[in-house]
Amino acid sequence: MMRSAEAELRLVDGRRVSGAWRGWTEAGAALQQNDVDTIVPAEDVLEITFTGVPPASPVVGEGNVIVYLAGGGQIQASLGDESSGGIAINTPDGEARVLPLSVVEAVRLSGEGACPDGEAAFTTALHARRAGEDVLIACAGGEVRTVGGVLESLGAETGRFRAGSESRTFRTARMHGVVLAAPLNPQDPPGFRVHTRRGWILPGSLSGGGEMLHVRLTEGVSVAVPSAEVTRIEHLNPRVVYVSDLPRAKEQVEGVLLVARPARNDENAARGPLRLDGRDFPKGVGMHARTAVTYALGGDYEFFFAVVGVDDAAGPGGSVEFRVEADGKTVYDSGRLTPSDRAVEVCLSIVGTDALTLICDTADGVDIGDLGNWADARVIKPSGLRR
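Numbered by the working numbering, the letters in the sequence shown go through residues 3 to 389 in order.
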């Protein structure tokens, strides 16, 4: 029986399309709208959100672990027997799999070894992975110990870790986690991230539809997910480049009370999360008023999109004005925005633009608390159909 839940597609240029979900094909997202089947081209899709799927938070219980996957994924599972060829897991859907180490970034373990300081050490190691060195994190008597070396095997009861020339067996329950070495060669990003109501995030290629989606993590390793379990699908669309990932050609900042606050990537100007109308945005540029940043685009992009507004952390007196210049010509002016105003979506044609300048200015001459966000700011390459 085909899934009848409604799906809302967010497109690269900010538009939204809704319909009954019919699956994903090589051509794109299959929907039914007013009893008519239609395909939304893959190159236009940024995100798919499903309605009517009850949310659920992952619960890490005794014997369960969180496996962090390359490409920004994670799975809740139980460890199986030790395997030197990868990490054997049993997922709550009853499936047993061996994940190659090439698709695993880290394993967070629960049990006797879990402790707050261990979690801090685990997070630090995960964010600073190094090539050629795995990191084992243990907690004993309130003390945290990290050891660099090579993970040789990991199972539900025991594992083996080599530090230098010495290989030792450890009890899994006494470990907080293990972070695997970063790959020597950068890996291509996954095509999709599939989010489920279990709290899983599955990165990989996507196929199927109707009642079942198939996510291929790597060669020979796939996960079948009932469509009714899926809450959201991120499409890591190659047409999309986030502005915070671009180098800055020029930046002008006027200090606040003689203290300069440069524009910040993926956080607000006060180094907090980019938050507008209660929603956190993982990507974007945060500025204080009287800041301008120019990006050299070389005429390679078709659209600019962003959600602009005063950050939720700004005081009640904050007010800003956002402007966009294309090759020195103003192509957008938001007018005065205050913390009480809703965020505004901006979508502009920038065909042929060499220099794109984002400006955040004070709207009332006073620049105290003027935290302006260019949330979800991105530039979009031309569609292959229109090149």
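Glycine included, C-beta positions come from ideal geometry on N, C-alpha and C.
Excluding residues up to 5 positions away in sequence, 213, 214 lie with their Cβ nearer than 7 Å to the Cβ of residue 228 in the same chain. The continuous beta strand (DSSP E) containing residue 364 extends over residues 357-364. Residue 52 holds the alpha-carbon nearest to the alpha-carbon of residue 24 among 314, 131, 52. The beta carbons of residue 47 and residue 239 sit closer together than 9 Å. Cβ neighbours of residue 75 within its own chain (closer than 7 Å, five residues either side excluded): 195, 203, 204, 205.
Contact check for residue 323 and residue 338: beta-carbon distance about 6 Å, within the 8 Å limit, so the pair qualifies. Boundaries of the alpha helix (DSSP H) around residue 128: 118-129. In the three-state reduction of the DSSP assignment, residue 46 falls in the helix class, which pools H, G and I. One thing to note: residue 286 has its Cβ within 9 Å of the Cβ of residue 375. If one requires a minimum length of 3 residues, the beta strand (DSSP E) runs lying completely within the segment 277-350 are 281-283, 286-290, 293-298, 305-312, 322-328, 331-339, in chain order.
Looking at 107, 49, 106, the one whose alpha-carbon comes closest to that of residue 20 is 49. Between the segment 128-138 and the segment 169-185 there are three or more inter-stretch CB-CB distances shorter than 8 Å, so the stretches are counted as touching.
Residues of the same chain with a CB within less than 7 Å of the CB of residue 274, apart from the 5 flanking positions on each side, are 315 in chain order.
Across the set 80, 126, 310, 77, the C-alpha of 310 shows the shortest separation from the C-alpha of residue 378. In the three-state reduction of the DSSP assignment, residue 174 falls in the helix class. Take the alpha-carbon of residue 270 and the one of residue 319: they are about 17 Å apart. The criterion of a C-beta distance shorter than 9 Å is not satisfied by residue 348 and residue 303.
Shown here, residue 353 sits in coil according to DSSP, grouped into three states, outside any helix or strand. Contact between residue 108 and residue 189 is ruled out by a C-beta separation of about 15 Å, above the 8 Å threshold. The segment 156-167 makes no contact with the segment 120-127; the number of CB pairs closer than 8 Å stays below 3. For residue 148, the enclosing beta strand (DSSP E) starts and ends at 145-156. When DSSP states are grouped into helix, strand and coil, residue 14 belongs to the coil group. In this model, residue 176 and residue 66 are separated by some 14 Å (Cα to Cα). With respect to the 9 Å criterion, residue 223 and residue 101 are classified as neighbours on the basis of their beta carbons. From the listed residues 384, 148, 12, 18, the smallest Cα separation to residue 305 is found for 384.
Take residue 7, set aside five residues on each side of it, and the residues of its chain with a beta-carbon closer than 8 Å to its own are 22, 23, 52, 53, 54, 55, 229, 230, in chain order. Short of 8 Å from the beta carbon of residue 171, and not among the five residues preceding or following it, lie these beta carbons of its own chain, in chain order: 160, 161, 162.
Taking the Cα of residue 233 as reference, the smallest distance to any Cα among 265, 39, 198 is reached at 198. A residue is called buried once 16 or more other Cβ atoms fall within 10 Å of its Cβ, and residue 372 is buried on that count.
Annotation for residue 283: 276, 377, 378 place their beta carbon closer than 6 Å to its own, counting only its chain and skipping 5 residues before and after.
Distance between residue 247 and residue 370, taken at the CA atoms: about 28 Å. For the pair residue 193 and residue 143, the Cα-to-Cα distance works out to about 43 Å.
Taken through DSSP and simplified to helix, strand or coil, residue 385 comes out as coil.
Contact annotation, residue 360 with residue 312: C-beta distance approximately 15 Å; criterion of less than 8 Å not satisfied. Annotation: the segment 249-274 contains the following complete segments of the beta strand (DSSP E) (minimum length 3 residues), in chain order: 252-255.
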